[in-house]
Amino acid sequence: MRDAPPSRVGVDTGGTFTDFVALRGRTLVAFKLPSTPEAPERAVLEGLLRLGVGAATQVRHGSTVATNTLLERRGARVALATTAGFEDLLEIGRQDRPDLYALAPRRTPPLVPAARRFGVAERAGPRGETLRALTAAEARRVAARIAASRAESVAVGLLHAYAAPAHERRLARSLRAPGRPLSLSSALCPEIREYERIATTVTNAYLAPRVAAYLRGLARGTRARLEIVLSHGGTAPPAAAAREPVRQLLSGPAAGLAAACAVARRCGFRRALTLDVGGTSTDCAYADGEPPRRRAREIAGFPVQLPVLDVHTVGAGGGSIARVDAGGLLHVGPQSAGAVPGPACYGRGGPPTVSDALMVLGRIPGASLAGGTLALDRAAATRAMAGLGAALGGRDARAAAAGVVALADARMEAALRRVSVERGHDPRDAALVAFGGAGGLHVCALAESLGVPVVLFPRHAGVLSALGALAGPPRREASRSVLLDARQEEAIERAWAALERRVRAGFPAGERRGLVIERWAEVRYRGQSHELSLRGGPRLAARFHREHARLYGFADRAAPVEVVTLEARATAAAEPWPAAPGRRARRGPPGSTRVWHQGRALRAAVWEVSALGPGFSAAGPALVLEEGATLWIAPGWRARHQPAGALVLRRGAKR
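Remember, this note's numbering sits 513 above the position in the sequence shown when you count from 1.
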């Protein structure tokens, strides 16, 4: 008899594997499939077919299609319509330099060349006043020039459109064309700072055709109800996600971060350092109760002025390529072997990678990955490390492997310090949550380097981002710049109420009851160039003074306080977090293996995660294996089972 279709499915597409987590009744099903970068939807549809999803199944999908399109510069041919005189704004940008000591600094070229940037004879002021009206003849002239440019997608970003959207809407009526996406800054990002707003709109237009084609392919291939995970951790239906693909940048890491924070809270830890090590990259964050957020950040060299979960990414993962330069120095990453050919241990002639080094050191003891769908070639991994060792001056394979792992650890440690120490957080006050396929293989060394006393290894760590997509509540968000004095409480209330109506309308009528609405405000002293985020409520000015004093040591209580941007967030009731299966722990490990640690061969116990339950406790050296991830418990560490669904590791803990 065929199994019933799952009620919910979470999918996370990575550079190496595509992860699936499905809830069928009270049973959680998890597995990985190799990603198909040339056609990302193929791996997703294959997994959904394997699960037997039905029309009633809800599928929440975190995708890397938008991110990879931007990173690989494989987007659309874009035209930009902007206020006359501001055609070169994307070229000028801001006058900051990412590298102060570069003698010949390089800027990321804009996504729209000068030949496809068109000036529009119109002008609005910062309060929404019309300084130069947009005529119908001018709109037709601009539309004709854009049509002649053979643009595949169009961005419209006019000066002060956040306050005066009418000109963009009027221009849009002339620019609409079948099969050609149109992105308006006043709809996508109605906020101040023209460079960031217009750059965000251009990025959206650049991504739109490819992401829309991907989502159409998914929708044609399945009957399930699709929801797309967004960068702020919420979701959107495919049609809305296709219109605003820029909101999908970093959506996979966002789901993983949200899930890691939930695991930490369930285990009794408010503060969490998160470590998500996949095949291509490592994503890190520091959370104090809730996933950290930013209103703007730079992605692949381009500013994106939209709310995102604050994740820092480095190019160090299981597939990161190890190489020796002409001077004899060892490098690891950021280049990745990807899914094809993959690491040398995949047996496809791939280059030496971190995964090969871990296999040579005995920390990957199995003969296959992804539930047996990918056979591993230990001899190929050893040959790859031996070749690397020869290039390093005659070192053996294990010495080369140890060097590769140490370099990967150093890059991951720097990323963890970036989100904690460099921002004033003490990592020793947090639990380090390790997930992703390789997070558990590096976490003990990183915790020792940072002085972190507690490590959490969640159940289903290898597919935690997919689990976060499955379990995360639907969320909609809307924001708008208002530039109001904090004392104008009635005007602020009206603007917030309008945003609330907008986010409520983003949910189907039957799902609007029980929504949790949050109000937020970006506030500053008038004339400042940066804002502080405050929760909505009365006495904004007084609360801003207190927060400014807390952060910067002073408050100018005589200065006028300006509310720059208002935001509303609507969150539906969260689905119950899938329970970890209850079982009694086995008395002893099912096996052991030889592992090299700090130059010595050790005998390590090997546990299958299916053998773990209440009462489980094991001291390192030991390995815990689950489908999709491995945990290396280093000597000096002890792991205990936590009923909330994680292993808790402490250094120096006694039985």
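Where a beta carbon is used, it is the ideal one built from N, C-alpha and C, also for glycine.
This structure is a prediction, so every number in the text was calculated from the model and none was measured.
Practice task
Could you say which of Gly840, Val524 and Ala928 lies nearest to Val557 if we only look at CA atoms?
Solution key: The residue given as residue 557 occupies position 44 in the sequence shown. Closest by alpha carbon: Val524.
Handout entry: Unbroken stretches of the alpha helix (DSSP H), 4 residues or longer, contained in the stretch 641 to 722
Key = Taken in chain order, the complete alpha helix (DSSP H) segments of 4 or more residues contained in the stretch 641 to 722 are 649 to 661, 679 to 688 and 698 to 701.
Problem - alpha helix (DSSP H) segment containing Arg756, residue limits - result: Translated into the one-based positions of the sequence shown, residue 756 becomes position 243. Element bounds for Arg756: Pro751 to Arg756.
Handout entry: Through-space distance from Ala749 to Phe1129, alpha-carbon basis
Key = Here the question's residue 1129 lines up with position 616 in the sequence shown. Here the question's residue 749 lines up with position 236 in the sequence shown. Going from the Cα of Phe1129 to the Cα of Ala749 covers about 40 Å.
Exercise for the section: Rounded to whole angstroms, what's the CA-CA distance from Gly846 to Gly862? Just pull it up for me. Expected result: In the sequence shown, residue 846 corresponds to position 333, counting from 1. In the sequence shown, residue 862 corresponds to position 349, counting from 1. Rounded to whole angstroms, Gly846 to Gly862 spans 18 Å at the Cα level.
Exercise for the section: List the whole-angstrom C-beta distance separating Ala921 from Ser833, where the pair is believed to meet the contact cut-off of C-beta under 8 Å. Expected result: By 1-based counting over the sequence shown, the position of residue 921 is 408. By 1-based counting over the sequence shown, the position of residue 833 is 320. About 6 Å separates the Cβ atoms of Ala921 and Ser833, confirming a contact at the 8 Å cut-off.
Handout entry: Neighbour-count burial assignment, Ile1005, 16 or more Cβ in a 10 Å radius
Key = In the sequence shown, residue 1005 corresponds to position 492, counting from 1. Ile1005 comes out buried.
Practice task
Identify, in the order they occur along the chain, each residue of the same chain with its Cβ nearer than 6 Å to the Cβ of Glu740, setting aside the five sequence neighbours on each side.
Solution key: Translated into positions along the sequence shown, residue 740 becomes position 227. For Glu740, where only same-chain residues beyond five positions count, the Cβ hits under 6 Å are Arg573 and Thr748.
Practice task
Please check the pair Thr793 and Gly528, which I expect to be a contact at CB under 8 Å, by giving their CB distance rounded to whole angstroms.
Solution key: For this step, residue 793 is matched to residue 280 along the sequence shown. For this step, residue 528 is matched to residue 15 along the sequence shown. Contact flag correct, Cβ pair sits at about 3 Å.
Practice task
Compare the C-alpha of Phe970 against each of Arg1151, Arg936 and Val932 and name the closest.
Solution key: Position 457 of the sequence shown, counted from the first residue, corresponds to residue 970. Out of Arg1151, Arg936 and Val932, Arg1151 has the C-alpha closest to the C-alpha of Phe970.
Practice task
Count the other C-beta atoms from every protein chain shown that fall within 10 angstroms of the C-beta of Thr648, then say buried if there are 16 or more, exposed otherwise.
Solution key: Mapped onto the sequence shown, residue 648 falls at position 135. When all chains shown are included, Thr648 counts as exposed.
Problem - alpha helix (DSSP H) runs wholly inside the stretch 536 to 619, at least 4 long, in chain order - result: 553 to 564, 578 to 584 and 602 to 605
Exercise for the section: Go ahead and label Leu959 buried or exposed: buried means 16 or more other beta carbons lie within 10 angstroms of its beta carbon, across all protein chains shown. Expected result: By 1-based counting over the sequence shown, the position of residue 959 is 446. With 16 or more Cβ atoms within 10 Å of its Cβ, Leu959 is classed as buried.
Problem - Local conformation of His938 per DSSP, three classes - result: For the purposes of this step, residue 938 is taken as residue 425 along the sequence shown, with counting starting at 1. Correct three-state label for His938: coil.
Exercise for the section: Examine the ligand MG and report whether any of its heavy atoms sits within less than 7 Å of the Cβ of Pro987. Expected result: Looking for the ligand MG in the displayed structure turns up nothing, as the structure carries no ligands at all.
Problem - Cβ-Cβ distance between Ala579 and Leu684 below 8 Å - result: Locating residue 579 in the sequence shown gives position 66, where the first residue counts as 1. Locating residue 684 in the sequence shown gives position 171, where the first residue counts as 1. No; because the gap between Cβ atoms is not below 8 Å, this pair is not in contact.
Exercise for the section: Please determine if the stretch 795 to 809 and the stretch 884 to 903 are in contact, where contact requires at least 3 C-beta pairs separated by less than 8 Å. Expected result: no
Problem - DSSP beta-bridge partners of Val917 - result: As a position in the sequence shown, residue 917 is number 404, starting the count at 1. DSSP lists no partner for Val917.
Practice task
Compare the beta carbon distance of Thr596 and Arg653 with 8 Å and say whether it is the shorter of the two.
Solution key: Taking the sequence shown and counting its residues from 1, the one referred to as residue 596 is at position 83. Taking the sequence shown and counting its residues from 1, the one referred to as residue 653 is at position 140. No; because the gap between Cβ atoms is not below 8 Å, this pair is not in contact.
Exercise for the section: Would you kindly report the start and end of the unbroken alpha helix (DSSP H) that includes Ser764? Expected result: Translated into the one-based positions of the sequence shown, residue 764 becomes position 251. Ser764 -> alpha helix (DSSP H) spans Ser764 to Arg779.
Handout entry: Cβ contact (3+ pairs, closer than 8 Å) linking the stretch 586 to 601 and the stretch 668 to 682
Key = Verdict: yes, contact present.
Exercise for the section: Kindly indicate which residue of Arg1164, Pro816 and Asp532 has the alpha-carbon position closest to the one of Thr621. Expected result: Counted from its first residue, the sequence shown places residue 621 at position 108. When only C-alpha atoms are compared, the closest one is Pro816.
Exercise for the section: Could you name the residues of the same chain whose beta carbon sits closer than 6 Å to that of Ala1072, not counting the 5 residues immediately before and after it, in chain order? Expected result: Counting from one through the sequence shown, the residue named residue 1072 turns up at place 559. Cβ neighbours of Ala1072 beyond the five flanking positions: Tyr1038.
Practice task
Have a look at the DSSP bridge pairing and note the partners of Val1161.
Solution key: Within the sequence shown, residue 1161 is the residue found at index 648, counting from 1. Per DSSP, the beta-bridge partners of Val1161 are Leu969 and Arg1153.
Practice task
Check whether the Cβ atoms of Leu695 and Arg686 lie closer than 8 Å to each other.
Solution key: As a position in the sequence shown, residue 695 is number 182, starting the count at 1. As a position in the sequence shown, residue 686 is number 173, starting the count at 1. Cβ distance not < 8 Å, so Leu695 and Arg686 don't count as in contact.
Problem - Check whether Thr531 and Gly565 have beta carbons under 8 Å apart - result: For the purposes of this step, residue 531 is taken as the residue at position 18 of the sequence shown. For the purposes of this step, residue 565 is taken as the residue at position 52 of the sequence shown. Against a cut-off of 8 Å, the Cβ pair of Gly565 and Thr531 comes out as no contact.
Exercise for the section: Report yes if the CB atom of Ile711 is closer than 8 Å to the CB atom of Tyr675, and no otherwise. Expected result: To locate residue 711, count along the sequence shown from 1; it is residue 198. To locate residue 675, count along the sequence shown from 1; it is residue 162. Going by C-beta atoms, Ile711 is not nearer than 8 Å to Tyr675.
Handout entry: Beta-ladder partner(s) of Asp525, from DSSP
Key = Taking the sequence shown and counting its residues from 1, one reaches residue 525 at position 12. According to DSSP, which records beta bridges pairwise, Asp525 is partnered with Asp532 and Gly575.
Handout entry: Secondary structure of Val633, DSSP reduced to three states
Key = Numbered from its first residue, the sequence shown carries residue 633 at position 120. Val633: strand per DSSP, three-state reduction.
Handout entry: Same chain, Cβ closer than 8 Å to Ser698, neighbours up to 5 away in sequence not counted
Key = In the sequence shown, counting from the first residue as 1, residue 698 sits at position 185. Once the five neighbours on either side are set aside, the close Cβ partners of Ser698 are Ala668, Val669, Gly670, Leu671, Ala674, Tyr675, Glu681, Arg710, Ile711, Thr713 and Thr714.
Handout entry: Inter-residue Cα distance where the pair is Ser662 and Gly638
Key = Against the sequence shown, residue 662 aligns to sequence position 149. Against the sequence shown, residue 638 aligns to sequence position 125. Their backbone Cα atoms lie some 30 Å apart in a straight line.
Handout entry: N- and C-terminal bounds of the alpha helix (DSSP H) containing His1043
Key = If you number the sequence shown from 1, residue 1043 lands on position 530. Counting along the chain, His1043 falls outside any alpha helix (DSSP H), and DSSP gives it neither H nor E.
Problem - Ile877 (DSSP reduced to helix, strand or coil) - result: Residue numbering aside, residue 877 sits at position 364 when the sequence shown is read from its first letter. DSSP places Ile877 in coil when its eight states are reduced to three.
Exercise for the section: Return the CA-CA distance between Ala628 and Glu554, expressed in angstroms with no decimal places. Expected result: Taking the first residue of the sequence shown as position 1, residue 628 is located at position 115. Taking the first residue of the sequence shown as position 1, residue 554 is located at position 41. Distance between the alpha carbons of Ala628 and Glu554: 34 Å.
Practice task
Answer with buried or exposed for Phe1067, where buried requires no fewer than 16 other C-beta atoms within 10 angstroms of its C-beta.
Solution key: Start at 1 with the first residue of the sequence shown, and residue 1067 comes out as number 554. Classification of Phe1067: exposed, given that the 10 Å Cβ count is below 16.
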